[in-house]
Amino acid sequence: MSDVQDLSRSSQSNAKMAKITFVEHDGTKHAVEGEVGSTVMETALRNQIGGIVAECGGACTCATCLVHVDEAWSEKVGKPSAEEEDMLDFAFEVKPTSRLSCQIKVTEALDGLIVHTPAYQGR
Amino acid sequence: MSDTIKTDVLIIGAGPIGLFAVFELGLLDIKAHLVDILDKVGGQCAELYPEKPIYDIPAVPFITGHGLVEALMQQIKPFNPTFHLGEMVTTLEKIGDPLFRVTTDRGKVFETKAVAIAAGGGSFQPKRPPIPGIEPYEGKSVHYAVRKMDAFRDKRLLIVGGGDSALDWTLNLQPIAKRVTLVHRRDEFRGAPDSVNKMRALVAAGSMDLKIGQVSGLEGGDGQLTAASIKGNDGAVARVEIDAMLPFFGLTMKLGPVADWGLTLEDELIPVDTGTFETTVPGLFAIGDINTYPGKLKLILSGFHEAALMAQKVYHYVYPDKRLVFQYTTSSTSLQKKLGVA
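Protein sequence lines, in the order shown, are assigned to chains A and B.
Per my numbering: the first sequence = residues 65 to 187.
Per my numbering: the second sequence = residues 16 to 357.
Structure, rendered in structure tokens:
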């Protein structure tokens, strides 16, 4: 058993992780580790974060993984692409810092990222 | 009400699994009709990811959602299924052993020996905007689809959205409505450029209004809207007097009427027998993403397998006196004749 645990630990330490905090609309905070190279949406689903539906599974075609990026992080996360901007038309209560979390790649530069999940994803 | 349509099998849902079921049933001389709420075949593959690659179809290293649907349509062509698109199955009633009467929201009535529910994540239905207090107006003065244009004659309309649905209805309803106001969250539209130009020309001519912002509140009573508040991106709120609102925010999947057909659901999924993919109701089957069983994986390849096994059981309902001989398409001349290749 200890061998197995060691193996899993070493494989985890190989993957670079970034800390991401999801703040639900009622203020509940979830600080989790996101694997560098995955997306913020995938990180949310893996950690069962409330408020992220991701109906299309990350294809940027449903607008049900909307997050409002914390003001302090908005510039680092960047602006949506034209395709994502089009999909944001299908989301509700879109703010200037809103993004679709399936389109935000986790990078080492985003270690510490804070995003807010909406009360409603439009279902 | 139209005449009753009689068929061997009615397939609810024309996604990849419903389409492939036509193939497996067709090899066994079983005729199918398909009903789908979307106005096109392909289900999620067509609606959610037509251009996205799928990598886990056996022996097909790479195919797009659209490509998969095209290939399936080609594969089932010999069996000439009948499609009823843009319709939702609303009621399902067992009237024989087994025989079902199924009706759609467009008034069609089917009598079928078996039913295959291949409805995936449920039916695609319009997204409802989270505007406080919208519920009492829905169906009365808030509409997510236009079934009869004349219902909006001489009305003050608020159309919300920036895609083709919003633009098309703006252009179609503007000549007959008293006044049309289009609301969109930004001054850019993803709809067809030609429609955008026509809309902008109407705005420039003073024939309609365009407001940039999001609907923040509604006024009215007894289901009848009288006004809406529109919050601009600068925070300023404008009030527009209206008789009806038409929000177009795309589609989302909802289980829909399946919940009312007397099946015991587990987490909005239909439990099935894994030898036949039949539900607890004989003759009523569930295949693809909408079913559940121990070890279930929501994969297209699983749905294909489920369709094949379902067809074997359906055969016994359609041809109760015949013995089913298992055959391969590679070697059976009778199957090859059905496929039009022998």
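Ideal Cβ placement from N, Cα and C applies to all residues, glycine included.
Note that this is a predicted model, so its numbers are computed, not measured.
Worksheet item: Is the CB of residue 133 of chain A under 8 Å away from at least one CB in chain B?
Response: In the first sequence, counting from the first residue as 1, residue 133 of chain A sits at position 69. The beta carbon of residue 133 of chain A sits no closer than 8 Å to any beta carbon of chain B.
Worksheet entry | Limits of the unbroken alpha helix (DSSP H) element including residue 32 of chain B | Position 17 of the second sequence holds residue 32 of chain B. Start and end: 31-42.
Practice prompt. Check each candidate in B:79, B:344, B:326, B:113 and name the one with the smallest Cα separation from residue 47 of chain B.
Written response: As a first step, residue 47 of chain B is located in the second sequence; it is residue number 32 there, counting from the start. Nearest of B:79, B:344, B:326, B:113 to residue 47 of chain B, Cα basis: B:326.
Discussion item. Buried or exposed for residue 73 of chain A, going by 16 or more other Cβ atoms inside 10 Å?
Written reply: The residue labelled residue 73 of chain A in the question sits at position 9 within the first sequence. Reliability of the predicted coordinates at residue 73 of chain A is poor, the pLDDT of 45 falling under 50, and the value obtained from them is presented with this limitation in mind. Using a 10 angstroms sphere on the CB of residue 73 of chain A, the tally of other CB atoms stays under 16, which defines it as exposed.
Practice prompt. Flag this pair as touching only if the segment 290-308 of chain B and the segment 251-268 of chain B have three or more C-beta atom pairs under 8 Å; answer yes or no.
Written response: Remark: fewer than three beta-carbon pairs, one from each stretch, lie closer than 8 Å, so the segment 290-308 of chain B and the segment 251-268 of chain B are not flagged as touching.
Worksheet item: If you draw a straight line from the alpha carbon of residue 88 of chain B to that of residue 97 of chain B, how long is it in whole angstroms?
Response: Taking the second sequence and counting its residues from 1, one reaches residue 88 of chain B at position 73. Taking the second sequence and counting its residues from 1, one reaches residue 97 of chain B at position 82. Taking the straight line from one Cα to the other gives about 12 Å.
Discussion item. Rounding to the nearest angstrom, what Cα-Cα distance links residue 94 of chain A and residue 26 of chain B in this structure?
Written reply: For the purposes of this step, residue 94 of chain A is taken as the residue at position 30 of the first sequence. For the purposes of this step, residue 26 of chain B is taken as the residue at position 11 of the second sequence. C-alpha of residue 94 of chain A to C-alpha of residue 26 of chain B: approximately 43 Å in a straight line.
Discussion item. The alpha helix (DSSP H) that contains residue 349 of chain B, what's its start and end?
Written reply: Stepping through the second sequence from its first residue, residue 349 of chain B is reached at position 334. Per DSSP, residue 349 of chain B belongs to the alpha helix (DSSP H) from 348-353.
Worksheet entry | residue 132 of chain B classed as buried or exposed, judged by whether at least 16 other C-beta atoms fall within 10 angstroms | As a first step, residue 132 of chain B must be located in the second sequence, where it is residue number 117. The residue is buried, with at least 16 neighbouring Cβ atoms inside 10 Å.
Worksheet item: Would the beta-carbon of residue 20 of chain B fall within 8 Å of that of residue 123 of chain B?
Response: Looking up residue 20 of chain B in the second sequence gives position 5. Looking up residue 123 of chain B in the second sequence gives position 108. Yes; because the gap between Cβ atoms is below 8 Å, this pair is in contact.
Fill in: Alpha carbon of residue 126 of chain B to alpha carbon of residue 332 of chain B, nearest angstrom
Locating residue 126 of chain B in the second sequence gives position 111, counting from the first residue. Locating residue 332 of chain B in the second sequence gives position 317, counting from the first residue. Looking at the two C-alpha atoms, the distance is approximately 14 Å.
Fill in: residue 185 of chain A classed as buried or exposed, judged by whether at least 16 other C-beta atoms fall within 10 angstroms
In the first sequence, the residue the question calls residue 185 of chain A occupies position 121. Its Cβ being crowded by 16 or more others within 10 Å, residue 185 of chain A is buried.
Fill in: Reduced DSSP secondary structure (H/G/I, E/B, other) of residue 11 of chain B
Absent from the structure is residue 11 of chain B, since the part of chain B shown begins at 16 and ends at 357.
Fill in: Per-residue DSSP class, three states only, for residue 293 of chain B
Counting from one through the second sequence, the residue named residue 293 of chain B turns up at place 278. In the structure shown, residue 293 of chain B adopts extended strand secondary structure according to DSSP, grouped into three states.
Worksheet item: Between the segment 156-179 of chain A and chain B, which residues of the former have a C-beta closer than 9 Å to a C-beta of the latter?
Response: 156, 157, 158, 160
Worksheet item: In chain order, what residues of the same chain have a beta carbon less than 6 Å from the beta carbon of residue 246 of chain B, not counting five sequence neighbours either side?
Response: For the purposes of this step, residue 246 of chain B is taken as residue 231 along the second sequence, with counting starting at 1. Within the same chain, residue 246 of chain B has close Cβ partners 228, 229, 231, 252.
Worksheet item: Over what stretch of residues does the beta strand (DSSP E) that includes residue 145 of chain B continue unbroken?
Response: Against the second sequence, residue 145 of chain B aligns to sequence position 130. Segment: none, residue 145 of chain B is in no beta strand (DSSP E) and carries neither H nor E.
Fill in: Coarse secondary structure for residue 324 of chain B, derived from DSSP in three states
As a working mapping, residue 324 of chain B is identified with position 309 in the second sequence. Helix, per DSSP.
Practice prompt. Report back the beta-carbon spacing between residue 77 of chain B and residue 68 of chain B to the nearest angstrom; my notes put them in contact at under 8 Å.
Written response: Here the question's residue 77 of chain B lines up with position 62 in the second sequence. Here the question's residue 68 of chain B lines up with position 53 in the second sequence. Contact holds; Cβ gap of about 6 Å.
Worksheet item: Would you call residue 306 of chain B buried or exposed, if buried means 16 or more other Cβ atoms sit within 10 Å of its Cβ?
Response: Mapped onto the second sequence, residue 306 of chain B falls at position 291. The residue in question, residue 306 of chain B, is buried, as its Cβ has 16 or more Cβ neighbours within 10 Å.
Worksheet item: Can you tell which of A:89, A:122, A:144 has its C-alpha closest to the C-alpha of residue 103 of chain A?
Response: Counted from its first residue, the first sequence places residue 103 of chain A at position 39. The candidate whose alpha carbon is nearest that of residue 103 of chain A is A:122.
Discussion item. One question on the structure: do residue 329 of chain B and residue 45 of chain B come within less than 8 Å of each other, judged by their Cβ atoms?
Written reply: Within the second sequence, residue 329 of chain B is the residue found at index 314, counting from 1. Within the second sequence, residue 45 of chain B is the residue found at index 30, counting from 1. The Cβ atoms of residue 329 of chain B and residue 45 of chain B lie closer than 8 Å to each other.
Fill in: Integer-rounded CB distance, given that residue 178 of chain B should sit under 8 Å from residue 59 of chain B
Taking the second sequence and counting its residues from 1, the one referred to as residue 59 of chain B is at position 44. Taking the second sequence and counting its residues from 1, the one referred to as residue 178 of chain B is at position 163. So it is not a contact: roughly 18 Å between Cβ atoms.
Discussion item. Please identify the residue among B:336, B:335, B:351 whose C-alpha is closest to the C-alpha of residue 342 of chain B.
Written reply: Numbered from 1 along the second sequence, position 327 holds the residue referred to as residue 342 of chain B. When each option's Cα is compared against that of residue 342 of chain B, the closest is B:351.
Practice prompt. Anything in the segment 133-152 of chain A with a Cβ closer than 7 Å to a Cβ of chain B? List those residues in chain order, please.
Written response: 150
Worksheet item: Quick one: Cα of residue 71 of chain A to Cα of residue 96 of chain A, how far?
Response: Here the question's residue 71 of chain A lines up with position 7 in the first sequence. Here the question's residue 96 of chain A lines up with position 32 in the first sequence. Note on residue 71 of chain A: pLDDT 44, under 50, position unreliable in the model; no value is reported.
Worksheet item: Of all the CB atoms in chain A, is at least one closer than 8 Å to the CB of residue 31 of chain B?
Response: Taking the second sequence and counting its residues from 1, one reaches residue 31 of chain B at position 16. No, its Cβ sits nowhere closer than 8 Å to a Cβ of chain A.
Worksheet entry | Cutoff 6 Å; reference residue 81 of chain B; Cβ partners in own chain excluding five residues on either side | For the purposes of this step, residue 81 of chain B is taken as the residue at position 66 of the second sequence. Closer than 6 Å at the Cβ level, and outside the excluded window around residue 81 of chain B, lie 65.
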